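Protein chains in written order, with our numbering: chain A, 479 to 707; chain B, -2 to 406.
Heads up, the beta-carbon is just placed ideally off N, CA and C, and yes, glycines get one too.
Remember, it's a predicted structure, so these values are computed and weren't measured experimentally.
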Amino acid sequence: MVAACQLESVRKTYGDGAGVVNALEGVSLVIQPREFTVLAGPSGSGKTTLLNLIGCLDQPSAGSVFVDGQNTSGMSSRQLAALRADRIGFVFQSFNLVPVLTAAENVEMALHLSGKKWGDVRDRARAMLASVGLDGMHARYPNQLSGGQQQRVAIARALVKEPALVIADEPTANLDSHTGEEVLALVRRLNEEKGATFVCSTHDAMVMSRARRVVTLRDGHIVSDEERA
Amino acid sequence: MILIKLAARNVRRNVVRSSLSLVAVIVGTMSLIVGHAFLAGLRVNVIRSQIDVVSGDAVLQPLDYPDERLTHPVDALFTVEPDLATWLDSSTQAWTTRLMFVPTAIHGPDSIRVRGIGFDPARDEAVFPRDAWKVVGHVPKSGAEGVLVASSVARLLSLHEGDQLTMQVRTAAGAINALQMPVAGIVAASNPWVDRSAVFVPMDLADNLLQAHGTISHVATRLADHDEEAVDAFATAFKAHGGATREVSTWMAQTHDILEIDKMRSKALNMLVGVLMAMSAMGIANTVLMAAYERIREIGTLRALGMAESQVLALFLTEGVVLGVVGSTIGCAISTAIVMYFTTHGIDLSASIDRSGGMSIPISTMLYVAYESKWVVLAWTFGVGIATIASVLPARMAARMAPADAVRA
Ligand SMILES: Nc1ncnc2c1ncn2[C@@H]1O[C@H](COP(=O)(O)OP(=O)(O)O)[C@@H](O)[C@H]1O
Ligand SMILES: [Mg+2]
């Protein structure tokens, strides 16, 4: 079975000369399909940097990153974009919905950009919104939705194209704890029902307690990688 | 499809900013179209007035005939030989003779120098149409009926139809002569060359006054075709028939100085339009740039969703182009409406001509602008082109942002 994602001795540095920052150093990690992995670690430990590499938004300074079996090193910006469009879904801390598009259009956008043919894009987007509990909200604009609802739209947008990997960078950080728990429950349910692979960063203990696997980063190194029951 | 929707909605996101750059494009296109329509109208007006009121298409006059204001020497008058008459009959649509002179017109205590126009009552109208004339009384058919006085002259001398007007001149031989003649009518010709100073005197009476013995100062001709080449060709032949002591002057030569000024006006207008268009280009570039800066995180999101650089480029380019297309279209539509209105509803220039003291500029006091579709096409293309070019750099900046940095913003 092809790993959803695999990192081999990855290093990522920012800047140059005296101001160089080693955001990641010697990171190796394999994430299997259907896994629900949480990246933990204090602020500045390299979580976002790692997620950006897995999500093909960026490329490592050294080492290699495989996503869905493909080596991203040496890919052009166009190839990376195509890989993201097809195989990777994103959920952001501050939702990042396109404000001039409705909930349904935000979800449809992901389908339009992906390289595949989806049949009736509208129906598919609405069905996806219904499955994240937003039945009847498809015509609303982001500013007409609560934070929790916006994050559900973002999750629908990430999952609608059936990606190999869903990347969520601190998805509950901008939500109150109750809403955060609901959103996390939704993510867990989708992980089980749809078999979607999730990599999720957080420093929220509640989120970590729900994970099967917690990878902890500190100063750009993986300091622990534990499976939980 | 959804990309077009997104681009269209983005344009409406910052209404104030978009409106400002729209206004800039609208003003730019409008100044080009309306400005040139007025200049073209002025040009047509000058040419038509010259032909219809002053000289016809070409005039035969004594050598070195002066073209200063209110100067009509009578020391080199001539007669139309039968040969020339025959040739003119066959070569023109109409021709007539005029005897121009500068008498002192006297009524009661008042006297002023006027432009005496000795005209042939039978032939004059065929060369100098009277469609725009408003006459109180009537146009005299012979010297016995008296003279036709221009409105300003009548006002200055308090003349009314039926009054007696005294005209005093130096005759062709240099003696002083004066005659009293009745006012048959008062004319307003909508043309300052006539209205400010003319007194139309039937040829027999003018001849008597000047003791001209059948000589005249001008042979004015009207051709079927006013086209410059046709008039030039005619003028060359006319000169050959006109003899060595006379010259031919065409409407082109007579309007040359005024039309040179017009060309300078046209250049000045193009410079103004250039400045306005540069301003709208900066407005649009700024709008697209601000849009890109405001939406860095959104660009990052779209890139994360897999949007290619070229699609981001297209998205922002579209924003600028939409502004250009909408602005140019509105500008062209408004200007076409304005221009169309003033092609049928003239603008009355008499007040401003009076103020400028334009004693005898041969232009009609009613200005009808001239609609030329080429300016509309040019303005639209120019507006859209400028908007597109102005959007390229900011759109490229948006497209080339590193997605990882953009989503972090
Ligand atoms: N674009 C960048 N340029 C320079 N340094 C960066 C950049 N992005 C992140 N860093 C640095 O890399 C380190 C890891 O950051 P990040 O991955 O954002 O950590 P986390 O998401 O765990 O808070 C930090 O020291 C941060 O300052
Ligand atoms: Mg982070």
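Specify the secondary structure class of residue i as computed by DSSP and reduced to three states.
{"i": "isoleucine 360/B", "result": "coil"}
{"i": "histidine 33/B", "result": "helix"}
{"i": "lysine 525/A", "result": "helix"}
{"i": "tyrosine 338/B", "result": "helix"}
{"i": "tryptophan 92/B", "result": "strand"}
{"i": "alanine 4/B", "result": "helix"}
{"i": "alanine 617/A", "result": "coil"}
{"i": "leucine 464/B", "result": "The shown model of chain B, from -2 to 406, leaves out residue 464/B, and the question about it has no answer."}
{"i": "alanine 496/A", "result": "helix"}
{"i": "serine 194/B", "result": "coil"}
{"i": "glutamate 65/B", "result": "coil"}
{"i": "glutamate 671/A", "result": "helix"}
{"i": "serine 687/A", "result": "helix"}
{"i": "valine 309/B", "result": "helix"}
{"i": "serine 277/B", "result": "helix"}
{"i": "lysine 131/B", "result": "strand"}
{"i": "aspartate 601/A", "result": "helix"}
{"i": "lysine 490/A", "result": "strand"}
{"i": "leucine 145/B", "result": "strand"}
{"i": "phenylalanine 573/A", "result": "coil"}
{"i": "threonine 247/B", "result": "strand"}
{"i": "methionine 398/B", "result": "coil"}
{"i": "methionine 304/B", "result": "coil"}
{"i": "glutamine 484/A", "result": "strand"}
{"i": "phenylalanine 379/B", "result": "helix"}
{"i": "threonine 168/B", "result": "coil"}
{"i": "methionine 553/A", "result": "coil"}
I believe residue i touches residue j by the beta-carbon criterion, under 8 Å. Please report the beta-carbon distance rounded to the nearest angstrom.
{"i": "valine 285/B", "j": "glycine 317/B", "result": "5 Å"}
{"i": "arginine 489/A", "j": "proline 538/A", "result": "6 Å"}
{"i": "alanine 689/A", "j": "arginine 667/A", "result": "The Cβ separation is near 14 Å, so there is no contact."}
{"i": "asparagine 500/A", "j": "glycine 626/A", "result": "So it is not a contact: roughly 36 Å between Cβ atoms."}
{"i": "arginine 630/A", "j": "glycine 611/A", "result": "6 Å"}
{"i": "leucine 220/B", "j": "threonine 168/B", "result": "With 8 Å as the limit, leucine 220/B and threonine 168/B do not qualify as a contact, their Cβ atoms being about 34 Å apart."}
{"i": "threonine 675/A", "j": "alanine 642/A", "result": "7 Å"}
{"i": "valine 184/B", "j": "serine 149/B", "result": "11 Å between Cβ atoms; not a contact."}
{"i": "leucine 218/B", "j": "valine 77/B", "result": "This sequence places threonine at residue 218/B; leucine is not what is there. Not really, about 12 Å apart at Cβ, beyond 8 Å."}
{"i": "glycine 303/B", "j": "aspartate 564/A", "result": "7 Å"}
{"i": "alanine 581/A", "j": "arginine 618/A", "result": "5 Å"}
{"i": "arginine 556/A", "j": "alanine 392/B", "result": "Going by Cβ atoms, the distance from arginine 556/A to alanine 392/B rounds to 17 Å, so no, they are not a contact pair."}
{"i": "glutamine 548/A", "j": "leucine 561/A", "result": "7 Å"}
Nearest to residue i by CA position, among the options, is which residue?
{"i": "leucine 145/B", "options": "Gly115/B, Ala119/B, Thr76/B", "result": "Gly115/B"}
{"i": "alanine 73/B", "options": "Asp86/B, Gln58/B, Lys138/B", "result": "Gln58/B"}
{"i": "glycine 541/A", "options": "Ile509/A, Asp682/A, Glu503/A, Leu575/A", "result": "Glu503/A"}
{"i": "leucine 409/B", "options": "Leu17/B, Leu346/B, Gly25/B, Leu310/B", "result": "Residue coverage of chain B in this structure runs from -2 to 406, which leaves residue 409/B outside it and unanswerable."}
{"i": "serine 429/A", "options": "Gly497/A, Leu517/A, Leu485/A, Tyr492/A", "result": "Past the edges of chain A, shown from 479 to 707, lies residue 429/A, and the structure says nothing about it."}
{"i": "tyrosine 492/A", "options": "Pro511/A, Asp536/A, Gln484/A", "result": "Asp536/A"}
{"i": "alanine 55/B", "options": "Asn7/B, Ser246/B, Arg45/B", "result": "Ser246/B"}
{"i": "leucine 153/B", "options": "His135/B, Phe197/B, Pro106/B, Leu314/B", "result": "Pro106/B"}
{"i": "asparagine 42/B", "options": "Ile360/B, Pro391/B, Leu29/B", "result": "Ile360/B"}
{"i": "asparagine 205/B", "options": "Thr315/B, Ala230/B, Phe98/B, Trp248/B", "result": "Phe98/B"}
{"i": "proline 179/B", "options": "Trp190/B, Met(-2)/B, His104/B", "result": "His104/B"}
{"i": "serine 388/B", "options": "Phe231/B, Val319/B, Gln161/B", "result": "Val319/B"}
{"i": "lysine 2/B", "options": "Asn621/A, Glu583/A, Phe514/A, Thr680/A", "result": "Glu583/A"}
{"i": "lysine 639/A", "options": "Gln548/A, Leu607/A, Leu507/A, Ala651/A", "result": "Leu607/A"}
{"i": "arginine 66/B", "options": "Ser52/B, Val132/B, Lys131/B, Trp190/B", "result": "Trp190/B"}
{"i": "leucine 256/B", "options": "Gln47/B, Gly32/B, Pro199/B", "result": "Gln47/B"}
{"i": "histidine 590/A", "options": "Ile(-1)/B, Val322/B, Met398/B, Val309/B", "result": "Ile(-1)/B"}
{"i": "aspartate 254/B", "options": "Asp64/B, Ser15/B, Ala34/B", "result": "Asp64/B"}
{"i": "glycine 522/A", "options": "Ser506/A, Ser624/A, Leu695/A", "result": "Leu695/A"}
{"i": "methionine 363/B", "options": "Met394/B, Ala119/B, Thr341/B, Ser263/B", "result": "Thr341/B"}
{"i": "leucine 533/A", "options": "Arg691/A, Ser506/A, Phe568/A, Thr657/A", "result": "Correcting the residue type first, residue 533/A is glycine in the shown sequence and not leucine. Ranking the options by Cα distance to glycine 533/A, first place goes to Phe568/A."}
{"i": "glutamate 158/B", "options": "Gly143/B, Asn174/B, Gly343/B, Leu17/B", "result": "Gly143/B"}
Under 9 Å (Cβ pairs) to chain A, residues found in the region 293 to 313 of chain B: Among the residues of the region 293 to 313 of chain B, those with a Cβ less than 9 Å away from any Cβ of chain A are Arg294, Glu295, Gly297, Thr298, Leu299, Arg300, Ala301, Leu302, Gly303, Met304, Ala305, Glu306, Ser307, Gln308, in the order of the chain.
Pocket of ligand 1 defined by Cβ to heavy atom distance under 6 Å: Selection output, chain order preserved: Tyr492/A, Gly493/A, Val499/A, Ala501/A, Gly519/A, Ser521/A, Gly522/A, Ser523/A, Gly524/A, Lys525/A, Thr526/A, Thr527/A, Asp402/B.
Near-chain B residues of the region 666 to 687 of chain A (beta-carbon distance less than 7 Å), N- to C-terminal order: For the region 666 to 687 of chain A, the set of residues with a beta-carbon nearer than 7 Å to any beta-carbon of chain B is empty.
Members of the region 584 to 616 of chain A near chain B, C-beta cut-off 7 Å: If the cut-off is 7 Å between Cβ atoms, the region 584 to 616 of chain A has Glu586, Met587, Ala588, His590, Leu591, Ser592 near chain B.
Residues within the region 520 to 538 of chain A neighbouring chain B, beta-carbon criterion of under 8 Å: The region 520 to 538 of chain A vs chain B, Cβ under 8 Å: Thr526, Asn530, Gly533, Leu535, Asp536.
Chain-ordered residues of the region 492 to 516 of chain A with a beta carbon less than 7 Å from chain B: So nothing in the stretch comes that close.
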